[in-house]
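S.K.: Position 9 of the sequence shown, counting from 1, maps to 11 under the working numbering, and the rest follow consecutively.
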Amino acid sequence: MSLLFICSLALILSFNIGANNAGASMATAYGSNSISKFASVSLIFIFVFLGSVYGGEKVIQTVGSEILTVDLASLNINFTLLILVVPVLAIVIANLLKIPVATTHIVVCTIIGIGLAINSLFHEKIFEIIIWWILTPFAIWLINYIIGKFFYYKIINFISSFKDEKKIDKMLRIFLICSGCFLAFFAGANNSANAAAPIVSLGVINAGNAALISGLFMALGALFFGGRIIETVAKKITDICIIRAISVHITGGALLGIACFYGIPISLAEIVTAGIIGFSCASKGFSNTIKNNSVSKILKFWLFVPIICVIVSFIITNLLFGGIK
Numbered sequence: 003m004s005l006l007f008i009c010s011l012a013l014i015l016s017f018n019i020g021a022n023n024a025g026a027s028m029a030t031a032y033g034s035n036s037i038s039k040f041a042s043v044s045l046i047f048i049f050v051f052l053g054s055v056y057g058g059e060k061v062i063q064t065v066g067s068e069i070l071t072v073d074l075a076s077l078n079i080n081f082t083l084l085i086l087v088v089p090v091l092a093i094v095i096a097n098l099l100k101i102p103v104a105t106t107h108i109v110v111c112t113i114i115g116i117g118l119a120i121n122s123l124f125h126e127k128i129f130e131i132i133i134w135w136i137l138t139p140f141a142i143w144l145i146n147y148i149i150g151k152f153f154y155y156k157i158i159n160f161i162s163s164f165k166d167e168k169k170i171d172k173m174l175r176i177f178l179i180c181s182g183c184f185l186a187f188f189a190g191a192n193n194s195a196n197a198a199a200p201i202v203s204l205g206v207i208n209a210g211n212a213a214l215i216s217g218l219f220m221a222l223g224a225l226f227f228g229g230r231i232i233e234t235v236a237k238k239i240t241d242i243c244i245i246r247a248i249s250v251h252i253t254g255g256a257l258l259g260i261a262c263f264y265g266i267p268i269s270l271a272e273i274v275t276a277g278i279i280g281f282s283c284a285s286k287g288f289s290n291t292i293k294n295n296s297v298s299k300i301l302k303f304w305l306f307v308p309i310i311c312v313i314v315s316f317i318i319t320n321l322l323f324g325g326i327k
């Protein structure tokens with residue numbers, strides 16, 4: 003019964019991850035008015051699923067077996083329950099508040115809290131993951147800030163030199179949608195581990211099948227509830243034109259792809275939102291961007307929610323489970 007409940011919780015988590023991450027993976031296409039909200043989440047449904055099936059196994063292995071020095075299957079099954087409950091609650095709250103929370107950080111930090119409580123962490127791997135978490139959002143922010151500040155209008159002028167404006171506009175919109183699908187694919191590949199890894203670590207399913215099922219429920223979450231987050235990311239940070247959107251898609255997808263190659267779990271929501279903030283800083287300035295209520299709210303969630311997850315899982319592990327079983 004406990005195992006059935008845990009598996010059901012993993013599916014709920016996958017569903018909520020899909021709902022939350024939809025806004026980050028296709029928000030730029032929607033924000034630039036190149037595609038409807040329904041079409042955005044429909045494409046995510048397809049490419050998130052494909053990404054999780056064909057590229058999710060490495061990250062699942064990292065999250066499931068390379069953070070703790072002990073096998074979850076050898077511990078009390080309630081540890082796995084805790085790994086799923088804390089992220090589910092955090093993501094449900096984020097979805098209700100329409101905020102693109104860093105799902106990956108929540109899951110990994112919950113595992114870290116347990117590892118601290120039972121003195122069972124791969125410190126080298128944790129350090130490697132944290133370095134990635136620091137560098138990747140900064141990298142995509144910097145790249146898109148530089149593009150927005152120094153190259154954006156040069157690109158606009160170059161494109162404007164072509165006479166057939168309708169044809170150019172159509173090609174750009176097609177390229178935008180394709181780049182969004184590219185991003186969604188690697189989003190599925192990287193983020194499917196968040197819900198699948200704890201179940202795989204129990205030995206009840208292999209990584210390939212877990213990625214398939216997790217990807218399906220992520221895709222369903224995006225299809226049915228992804229539109230809520232799209233509004234926040236696409237409409238409330240800065241105005242997103244097609245060229246800016248393509249830049250965010252390509253740079254975000256490339257970083258996610260590199261992370262998947264190395265098996266590193268990183269946050270899709272954080273990466274894409276950082277890219278959009280980079281363009282906002284380039285066009286509106288740093289102070290005006292930081293004063294934006296949506297940006298301020300997102301940054302607070304990114305900073306405090308992972309820390310809270312570590313503390314909560316650490317306290318619960320000590321109080322209820324009493325350390326190592």
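Quick reminder that beta carbons are idealized off the backbone N, C-alpha and C, glycines included.
For Gly-53 and Gly-210, which I take to be in contact (beta-carbon distance under 8 Å), what is that distance rounded to the nearest angstrom?
M.R.: Between Gly-210 and Gly-53 the Cβ distance is about 13 Å, and since that is not below 8 Å, they are no contact.
S.K.: Rounded to whole angstroms, what's the CA-CA distance from Glu-126 to Thr-253? Just pull it up for me.
M.R.: Going by the C-alpha atoms only, they are around 27 Å apart.
S.K.: Quick one: residues in its chain with C-beta nearer than 6 Å to the C-beta of Phe-184, no 5 flanking neighbours on either side, listed in chain order?
M.R.: Within the same chain, Phe-184 has close Cβ partners Gly-255.
S.K.: Which of the three DSSP states, helix, strand or coil, is assigned to Leu-301?
M.R.: Reduced to three states, the DSSP call for Leu-301 is helix.
S.K.: Out of Lys-299, Ser-269, Ile-244 and Gly-265, which one is the CA nearest neighbour of Ile-37?
M.R.: Minimum Cα distance to Ile-37 is reached at Ile-244.
S.K.: Ends of the alpha helix (DSSP H) at Ala-104?
M.R.: Ala-104 -> no alpha helix (DSSP H), and no H or E assigned at all.
S.K.: Report the rounded CA-to-CA distance for Phe-288 versus Gly-20, giving the unit in angstroms.
M.R.: Phe-288 and Gly-20: Cα-Cα distance of roughly 31 Å.
S.K.: Between the beta-carbon of Ile-93 and the beta-carbon of Asn-18, is there less than 9 Å?
M.R.: Against a cut-off of 9 Å, the Cβ pair of Asn-18 and Ile-93 comes out as a contact.
S.K.: So the candidates are Val-72, Leu-70, Ile-85 and Leu-6; which of them puts its Cα closest to the Cα of Ala-197?
M.R.: The option with the nearest alpha carbon to Ala-197 is Ile-85.
S.K.: How many whole angstroms separate the CB atoms of Phe-2 and Ile-116, which I take to be in contact at a CB cut-off of 8 Å?
M.R.: Residue numbering for the chain in the displayed model covers 3 to 327; residue 2 lies beyond these limits and cannot be assessed.
S.K.: Using 8 Å as the threshold, is the segment 311-322 in touch with the segment 176-195, meaning 3 or more CB pairs across them?
M.R.: As far as the Cβ criterion goes, the segment 311-322 does not touch the segment 176-195, which means the pair count is below three.
S.K.: Within its chain, find whatever has a CB closer than 6 Å to the CB of Cys-311; leave out the 5 residues flanking it on each side and keep chain order.
M.R.: So the qualifying residues of the chain are Val-88, Ile-108, Cys-111 and Thr-112.
S.K.: I need the straight-line Cα distance from Leu-137 to Phe-263, nearest angstrom please.
M.R.: About 16 Å.
S.K.: Just to confirm my understanding: we take Glu-59, look at its own chain, exclude 5 residues before and 5 after, and list those with CB closer than 8 Å. What are they?
M.R.: Excluding sequence neighbours, Glu-59 sits near Ala-209, Gly-210 and Ala-213.
S.K.: Nearest-angstrom Cα distance between Leu-98 and Leu-91?
M.R.: Looking at the two C-alpha atoms, the distance is approximately 11 Å.
S.K.: Is Ala-284 closer than 9 Å to Ile-149 when the C-beta atoms are compared?
M.R.: A contact, by the Cβ cut-off of 9 Å.
S.K.: Between which two residues does the alpha helix (DSSP H) harbouring Thr-64 extend?
M.R.: 59-67 is the span of the alpha helix (DSSP H), which, as asked, contains Thr-64.
S.K.: Between the C-alpha atoms of Glu-167 and Ile-158, what's the straight-line distance to the nearest angstrom?
M.R.: Each residue's alpha carbon lies about 12 Å from the other.
S.K.: Would you mind reading off the limits of the alpha helix (DSSP H) that contains Pro-267?
M.R.: Neither: Pro-267 is in no alpha helix (DSSP H) and is coded neither H nor E.
S.K.: Tell me the DSSP secondary structure of Leu-70 in three-state form.
M.R.: Reduced to three states, the DSSP call for Leu-70 is strand.
S.K.: So within the segment 177-225, which uninterrupted alpha helix (DSSP H) runs reach at least 4 residues, ignoring any that extend past its ends?
M.R.: Complete alpha helix (DSSP H) runs here, min 4: 195-203.
S.K.: The alpha helix (DSSP H) spanning Leu-123 covers which residue range?
M.R.: Taken as a continuous stretch (DSSP letters only), Leu-123 belongs to no alpha helix (DSSP H), as it is neither H nor E.
S.K.: Are the beta-carbon atoms of Ile-62 and Ala-276 separated by less than 9 Å?
M.R.: No, the pair does not count as a contact, with Cβ atoms beyond the cut-off.
S.K.: Determine, using beta carbons only, whether Ser-42 and Ala-31 come nearer to each other than 9 Å.
M.R.: Yes, the pair counts as a contact, with Cβ atoms nearer than the cut-off.
S.K.: Would you say Pro-267 and Val-65 are within 9 Å of each other, going by their C-beta atoms?
M.R.: Yes; because the gap between Cβ atoms is below 9 Å, this pair is in contact.
S.K.: Going by beta-carbon coordinates alone, are Val-72 and Ile-114 separated by less than 9 Å?
M.R.: Not closer than 9 Å, so no.
S.K.: Go to Phe-160, then tell me how far its alpha helix (DSSP H) extends in each direction, as first and last residue.
M.R.: Element bounds for Phe-160: 154-162.
S.K.: Which residue from Asn-35, Ser-44 and Ile-8 puts its Cα closest to that of Gly-223?
M.R.: Residue Ser-44 is the option with its Cα nearest to Gly-223.
S.K.: Can you tell me the Cβ-Cβ gap for Ile-278 and Val-250, rounded? I've got them flagged as a contact below 8 Å.
M.R.: Indeed, because the Cβ distance is near 6 Å, the residues count as touching under 8 Å.
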